[in-house]
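Chemist: Numbering follows my numbering, with no gaps: position 332 of the first sequence is 816. Glycine residues also receive a C-beta, built at the ideal position from the N, C-alpha and C atoms. Remember, it's a predicted structure, so these values are computed and weren't measured experimentally.
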Amino acid sequence: MTYLDDRIWISELPDHVGETVRLAGWVYNRRSSGKIQFILLRDGSSRVQCVVSPDDVGDEKFAELDRVTMESSVWVRGTVREDKRAPSGVEVTIHDFGIIALAAEYPIQKKDHGVDFLLDHRHLWLRSARQETVMRVRSTAEEAVHDFFRERGYLRVDAPIFTPAACEGTTTLFETDYFGDSAYLSQSGQLYNEAAAAALGRVYCFGPTFRAEKSKTRRHANEFWQVEPEAAFMDLDGCIELAEGLICRMVTDVLEKRRPELDSLERDVSKLENVEPPFPRITYAEALELLSEKGITVDDKEGFGAEDETVLGESFDKPVVVHRYPHWCKAFYMKRDPDDDELTLSMDIIAPEGYGEIVGGSQREDDYETLLKRIDEHNLPPESLEWYLDLRRYGAAPSSGFGMGLDRTVAWITGVKHIRETLPFPRLLNRIYP
RNA sequence: UCCCCAGUAGCUCAAUCGGCAGAGCGUCCGGCUGUUAACCGGCAGGUUGUAGGUUCAAGUCCUACCUGGGGAGCCA
Numbered sequence: 485m486t487y488l489d490d491r492i493w494i495s496e497l498p499d500h501v502g503e504t505v506r507l508a509g510w511v512y513n514r515r516s517s518g519k520i521q522f523i524l525l526r527d528g529s530s531r532v533q534c535v536v537s538p539d540d541v542g543d544e545k546f547a548e549l550d551r552v553t554m555e556s557s558v559w560v561r562g563t564v565r566e567d568k569r570a571p572s573g574v575e576v577t578i579h580d581f582g583i584i585a586l587a588a589e590y591p592i593q594k595k596d597h598g599v600d601f602l603l604d605h606r607h608l609w610l611r612s613a614r615q616e617t618v619m620r621v622r623s624t625a626e627e628a629v630h631d632f633f634r635e636r637g638y639l640r641v642d643a644p645i646f647t648p649a650a651c652e653g654t655t656t657l658f659e660t661d662y663f664g665d666s667a668y669l670s671q672s673g674q675l676y677n678e679a680a681a682a683a684l685g686r687v688y689c690f691g692p693t694f695r696a697e698k699s700k701t702r703r704h705a706n707e708f709w710q711v712e713p714e715a716a717f718m719d720l721d722g723c724i725e726l727a728e729g730l731i732c733r734m735v736t737d738v739l740e741k742r743r744p745e746l747d748s749l750e751r752d753v754s755k756l757e758n759v760e761p762p763f764p765r766i767t768y769a770e771a772l773e774l775l776s777e778k779g780i781t782v783d784d785k786e787g788f789g790a791e792d793e794t795v796l797g798e799s800f801d802k803p804v805v806v807h808r809y810p811h812w813c814k815a816f817y818m819k820r821d822p823d824d825d826e827l828t829l830s831m832d833i834i835a836p837e838g839y840g841e842i843v844g845g846s847q848r849e850d851d852y853e854t855l856l857k858r859i860d861e862h863n864l865p866p867e868s869l870e871w872y873l874d875l876r877r878y879g880a881a882p883s884s885g886f887g888m889g890l891d892r893t894v895a896w897i898t899g900v901k902h903i904r905e906t907l908p909f910p911r912l913l914n915r916i917y918p
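1. Distance, Cα to Cα, VAL753 vs LYS901?
2. Just to confirm the assignment: which complete beta strand (DSSP E) runs, minimum length 3, are found wholly within the segment 549 to 620?
3. If you scan the segment 801 to 833 from start to end, which runs of the beta strand (DSSP E) of 3 or more residues do you find wholly inside it?
4. Between which two residues does the alpha helix (DSSP H) containing ALA895 stretch?
5. To test your reading of the DSSP string, which unbroken beta strand (DSSP E) runs of 3 or more residues are found completely within the segment 645 to 716?
6. How about ILE731 and GLY691: are their beta carbons less than 9 Å apart?
7. Given 8 Å as the limit, is there contact between the segment 838 to 849 and the segment 888 to 905, that is, 3 or more CB pairs closer than that?
8. Determine the closest residue to THR906 out of ASN758, ASP783, GLU760, HIS704, with distance taken between C-alpha atoms.
9. Counting C-beta neighbours from all protein chains within 10 Å, is the total for THR504 16 or more, i.e. buried, or is it exposed?
10. Going by other Cβ atoms of all chains shown within 10 Å of its Cβ, with 16 needed for buried, is TYR512 buried or exposed?
11. Check this for me: beta carbons of LYS545 and PHE522, under 9 Å apart or not?
12. How would you call ARG515, buried or exposed, if buried means at least 16 neighbouring beta carbons within 10 angstroms?
13. Helix, strand or coil: which one does DSSP assign to TYR835?
14. What does the alpha-carbon distance come out to for the pair ARG911 and LEU657?
15. Are the CB atoms of ILE578 and SER530 within a distance shorter than 9 Å?
16. Mapping DSSP to helix, strand and coil, what is SER846?
17. Could you tell me the alpha carbon to alpha carbon distance between MET554 and MET718, rounded to whole angstroms?
18. Would you mind working out which of GLU770, SER699, TRP510, GLU626 sits nearest LEU525, comparing C-alpha positions?
19. What's the gap between the Cα of ARG751 and the Cα of ARG636?
20. Go ahead and pull the three-state DSSP assignment for ALA508.
21. Can you list, in chain order, the stretches of the alpha helix (DSSP H) that have 4 or more residues and sit fully within the segment 713 to 749?
22. Would you tell me roughly how many angstroms separate the C-alpha atoms of MET831 and HIS500, rounded to the nearest one?
23. Secondary structure at SER883, three-state DSSP: helix, strand or coil?
24. Could you check which residue in TYR688, ASP631, ASP540, LEU488 has the C-alpha nearest to that of GLY887?
25. Leaving out five residues before and five after ALA643 in sequence, what residues of the same chain have Cβ atoms less than 6 Å from its Cβ?
26. In whole angstroms, what separates the C-alpha of PRO836 from that of LEU507?
27. In chain order, what residues of the same chain have a beta carbon less than 6 Å from the beta carbon of THR654, not counting five sequence neighbours either side?
28. Would you call the segment 555 to 567 in contact with the segment 582 to 595, where contact means no fewer than 3 C-beta pairs closer than 8 Å?
29. DSSP puts GLU496 in a beta bridge; with which residues?
30. Give the secondary structure of VAL782 by DSSP, where H, G and I count as helix, E and B as strand, and everything else as coil.
31. For ILE916, which residues of its own chain have a beta-carbon under 7 Å away from its beta-carbon, when the five flanking residues on both sides are left out?
32. Determine the DSSP secondary structure at GLY637, reduced to helix, strand or coil.
33. Comparing the CB of LEU684 with every heavy atom of the ligand GTP, is any distance shorter than 8 Å?
34. What's the C-alpha gap between LEU913 and SER537?
35. Could you give the residue range of the beta strand (DSSP E) that holds THR767?
Below, the structure is given as structure tokens:
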């Protein structure tokens, strides 16, 4: 029997108090007081302090410990003990241990580092407690997305990454060579979702999307993850309700399953606990009024800026739904408001605390002639959208959906300031390594 | 693309008015039987982002470029 066969996870230690167990993991710190040493071990599930004394392991073994460098991989065998001095409540007294692989001098130290250095070492930075914690929350948020849609009868239908042309003409795309032809990395699965919704009723895709914008802010990454549901026979109100439900589900699941993680990130959970339906709903026009009351004038041709969004978001204690944006600032496929042709049946959801827009969605234009006109108005090539127009030729139906930025949402839920910490390997302007 | 800021030891930073290149952490060596980013003593560690310029003298001032950070626009 080797350490691969009988080791248990550090997270399981509280159930094994008094027993002798085996652990395997990495040494993230070691402290020595001459005749007693403390090995801080992590194995991905949790962290624990192991105590080593020559009385337990013998002088020779004890001296061998001096070779163990930071981040070396080891197995240990020892007795689990309750100890009030330990942050997790348990410690392990080591009887035996083995070095699996000694680590070279580890670049990331216990002192502060600069962002540049950390991002260059992202593959190692992920091992630090804070980054590990954010990844746990992200994973739980993703699970909540899948659970939510499955319970509502939505099918996951994966959209392609390679696309022949822009889904939304305006945004810059990453171009690739596709056997001699140009292809582009998807900036949204939305158009494909509409086709899938006409086949399967209620669908969602969940994957990476790519924007070649040279954005340099804490809210932008050039590769980011989007959840995009689309449902046939759903109107804008249904769409808003769906988005509201999704956000609430993600927040409540994280609060329930990742409370210790949020605490260790020093997230003020009181700001998450009141995130429940209904969210405030205001029209674009009402949002302008609200800003105006606060002495902010928004340029008619510009729309909201980031600062305006922050002010809007901070005006409410939960995410706010802004709907019916003017058509000039929205995509060609959004249906116009039957009550006002200047407006679209669109909505954005703005997160509190300055995290900005986390959801953008709309009811889709389902009339063939109108859609054709919009494609023309936006100077898009109709031939590349023939298949999309087919969806209106063959049994057009009201259809709505939205895109939710996972990374931004996780940034908001965890309270981390920059989206780069919510992505395991963020792709940012001028940064694609590692 | 635009605006602002910063590049000095492996890392984080200091260096007064332009006047000898410094500290902490880490590494290495030594000490310590309850440490919590342990602590104490010691050694080693430098083409000050790059290229020019001003000056008796440049880490410091000037010009250009490179790299990164913060923000804007755009969006999730």
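Modeler: Let me spell this out:
1. Residue 753 sits at position 269 when you count from the first residue of the first sequence. Residue 901 sits at position 417 when you count from the first residue of the first sequence. Approximately 16 Å between the Cα atoms of the pair.
2. 557 to 566, 574 to 585
3. 804 to 807, 824 to 828
4. Taking the first sequence and counting its residues from 1, one reaches residue 895 at position 411. Where ALA895 is concerned, the enclosing alpha helix (DSSP H) stretches over 890 to 898.
5. 659 to 662, 665 to 669, 686 to 694, 707 to 716
6. In the first sequence, counting from the first residue as 1, residue 731 sits at position 247. In the first sequence, counting from the first residue as 1, residue 691 sits at position 207. No, they are not a contact pair.
7. yes
8. Here the question's residue 906 lines up with position 422 in the first sequence. Among ASN758, ASP783, GLU760, HIS704, the Cα nearest to that of THR906 belongs to HIS704.
9. Taking the first sequence and counting its residues from 1, one reaches residue 504 at position 20. Answer is exposed; the Cβ neighbour count stays below 16.
10. Walking along the first sequence from the start, residue 512 turns up at place 28. With 16 or more Cβ atoms within 10 Å of its Cβ, TYR512 is classed as buried.
11. Taking the first sequence and counting its residues from 1, the one referred to as residue 545 is at position 61. Taking the first sequence and counting its residues from 1, the one referred to as residue 522 is at position 38. Not closer than 9 Å, so no.
12. What you label residue 515 is simply residue 31 of the first sequence in a count that begins at 1. ARG515 is exposed by the Cβ-count criterion.
13. Here residue 835 corresponds to residue number 351 of the first sequence, with the count starting at 1. The identity of residue 835 in the sequence shown is Ala, whereas the question assumes Tyr. Three-state DSSP puts ALA835 in a strand.
14. The count along the first sequence starts at 1 and reaches residue 911 at position 427. The count along the first sequence starts at 1 and reaches residue 657 at position 173. If I take the Cα positions, the gap works out to 14 Å.
15. Here residue 530 refers to the residue found at position 46 of the first sequence. Here residue 578 refers to the residue found at position 94 of the first sequence. No.
16. The residue given as residue 846 occupies position 362 in the first sequence. In this structure, SER846 counts as strand in the three-state DSSP scheme.
17. Here the question's residue 554 lines up with position 70 in the first sequence. Here the question's residue 718 lines up with position 234 in the first sequence. One C-alpha to the other measures close to 56 Å.
18. Counted from its first residue, the first sequence places residue 525 at position 41. Comparing Cα-Cα distances from LEU525 to each of GLU770, SER699, TRP510, GLU626, the minimum goes to TRP510.
19. Taking the first sequence and counting its residues from 1, one reaches residue 751 at position 267. Taking the first sequence and counting its residues from 1, one reaches residue 636 at position 152. About 30 Å.
20. What you label residue 508 is simply residue 24 of the first sequence in a count that begins at 1. Note: ALA508 maps to strand in three-state DSSP.
21. 720 to 741, 743 to 748
22. Here residue 831 refers to the residue found at position 347 when the first sequence is read from its first residue. Here residue 500 refers to the residue found at position 16 when the first sequence is read from its first residue. Roughly 52 Å between the two C-alpha positions.
23. Here residue 883 refers to the residue found at position 399 of the first sequence. Correct three-state label for SER883: strand.
24. Walking along the first sequence from the start, residue 887 turns up at place 403. Of the candidates TYR688, ASP631, ASP540, LEU488, the one whose C-alpha sits nearest the C-alpha of GLY887 is TYR688.
25. Mapped onto the first sequence, residue 643 falls at position 159. Correct list, in chain order: GLY673, TYR676, CYS689.
26. Reading the first sequence from its first residue, position 352 is the one you call residue 836. Reading the first sequence from its first residue, position 23 is the one you call residue 507. Looking at the two C-alpha atoms, the distance is approximately 42 Å.
27. Within the first sequence, residue 654 is the residue found at index 170, counting from 1. Residue confidence is low: THR654 scores 48 on pLDDT, short of 50, so the model does not pin down where it sits. Its coordinate-derived value is still stated next. Closer than 6 Å at Cβ, skipping near neighbours: no residue.
28. yes
29. Here residue 496 corresponds to residue number 12 of the first sequence, with the count starting at 1. Paired residues: none, contrary to the question.
30. Looking up residue 782 in the first sequence gives position 298. It is coil, neither helix nor strand.
31. By 1-based counting over the first sequence, the position of residue 916 is 432. Excluding positions up to five away in sequence, the list is empty.
32. For the purposes of this step, residue 637 is taken as residue 153 along the first sequence, with counting starting at 1. In this structure, GLY637 counts as coil in the three-state DSSP scheme.
33. Among the ligands in the structure shown, none appear at all, so the ligand GTP cannot be discussed.
34. For the purposes of this step, residue 913 is taken as the residue at position 429 of the first sequence. For the purposes of this step, residue 537 is taken as the residue at position 53 of the first sequence. Rounded to the nearest angstrom, the two C-alpha atoms are 50 Å apart.
35. What you label residue 767 is simply residue 283 of the first sequence in a count that begins at 1. 765 to 767 is the span of the beta strand (DSSP E), which, as asked, contains THR767.
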